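The block underneath contains the structure these notes are about, expressed in structure tokens.
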Amino acid sequence: MACQGKGPIIVISGQPGSGKSTYARRLANDLGLRYFTTGQAFRELAKRLGMNLMELNEAAERDPSIDLEIDRAALREAEKGCVVIDSHLAGWTLREVADVAIYVKASLPVRAQRLALRDSRPYAEALREASGRELSHWRRFYEYYGVDLRDLSGYDLVLDTTRLSVEEAYDIILTFVKKSLGLR
Numbered sequence: 225m226a227c228q229g230k231g232p233i234i235v236i237s238g239q240p241g242s243g244k245s246t247y248a249r250r251l252a253n254d255l256g257l258r259y260f261t262t263g264q265a266f267r268e269l270a271k272r273l274g275m276n277l278m279e280l281n282e283a284a285e286r287d288p289s290i291d292l293e294i295d296r297a298a299l300r301e302a303e304k305g306c307v308v309i310d311s312h313l314a315g316w317t318l319r320e321v322a323d324v325a326i327y328v329k330a331s332l333p334v335r336a337q338r339l340a341l342r343d344s345r346p347y348a349e350a351l352r353e354a355s356g357r358e359l360s361h362w363r364r365f366y367e368y369y370g371v372d373l374r375d376l377s378g379y380d381l382v383l384d385t386t387r388l389s390v391e392e393a394y395d396i397i398l399t400f401v402k403k404s405l406g407l408r
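When we follow the numbering used here, the leftmost residue of the sequence shown carries the number 225, and every step to the right adds one.
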């Protein structure tokens, strides 16, 4: 698909380690769209500030401007069109502009295992970080935006990837997106 004009805006949200970045990158590549991830923007900000992800999450709990900066960057990317955006909050913050909104989830043990493999670190450390980040997100997003992360009613597709391979989950997502956008 060669993207023309404003083109589609696809948002993929999910818990840390749910696979949202993997699926978003592949969708962007397969559909010829740009890819933007708020997670990478957040990691780059942490690095710039000399913090790890947990420290930046804790700072963001005290300073709403951190999340607002990331959200503004995502909105700027969405306004350009022809993009797949991977973000914890995109289904809520970009719902008005998104053509398709997808939420992927998985059990905490599975997500921790994925994060441990991705980052080459011990499972226990990944489990602590995943649960800590999730709690931090829940607090912040509820306080700053009034968003209850358990309310998934604004998503077009909610997919539990716990028992699915990456390929199985991706096939479901790609089929859904193509059908939603009228693509073959």
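Backbone N, C-alpha and C fix where the C-beta goes; we use that ideal spot for every residue, glycine too. As the structure is a prediction and not an experimental result, all values here were calculated from the model.
task: Output yes or no for whether 8 Å exceeds the beta carbon distance between ILE326 and LEU398.
output: no
message: Since GLY305 and GLY378 should fall inside the 8 Å C-beta cutoff, what is the C-beta to C-beta distance between them, to a whole number of angstroms?
response: That pair is no contact at about 20 Å.
task: Below 8 Å on the Cβ atoms is my guess for ILE234 versus VAL371; work out the distance and round it to an integer in Å.
output: That belief does not hold up - the Cβ atoms of ILE234 and VAL371 are roughly 20 Å apart, past 8 Å.
query: Taking the alpha carbon of VAL324 as the point to measure from, which residue in GLY406, PRO346, ASP291 and LEU339 has its own alpha carbon closest?
result: Looking at the Cα atoms, GLY406 is the closest of the given residues.
message: Please report the straight-line C-alpha distance between LYS329 and LEU359, rounded to a whole angstrom.
response: Counting only the Cα atoms, LEU359 lies some 15 Å from LYS329.
query: So, do the region 262 to 271 and the region 341 to 357 have three or more beta carbon pairs nearer to each other than 8 Å?
result: no
query: Can you name the start and end residues of the alpha helix (DSSP H) that GLY238 belongs to?
result: Counting along the chain, GLY238 falls outside any alpha helix (DSSP H), though it belongs to the beta strand (DSSP E) covering 233 to 238.
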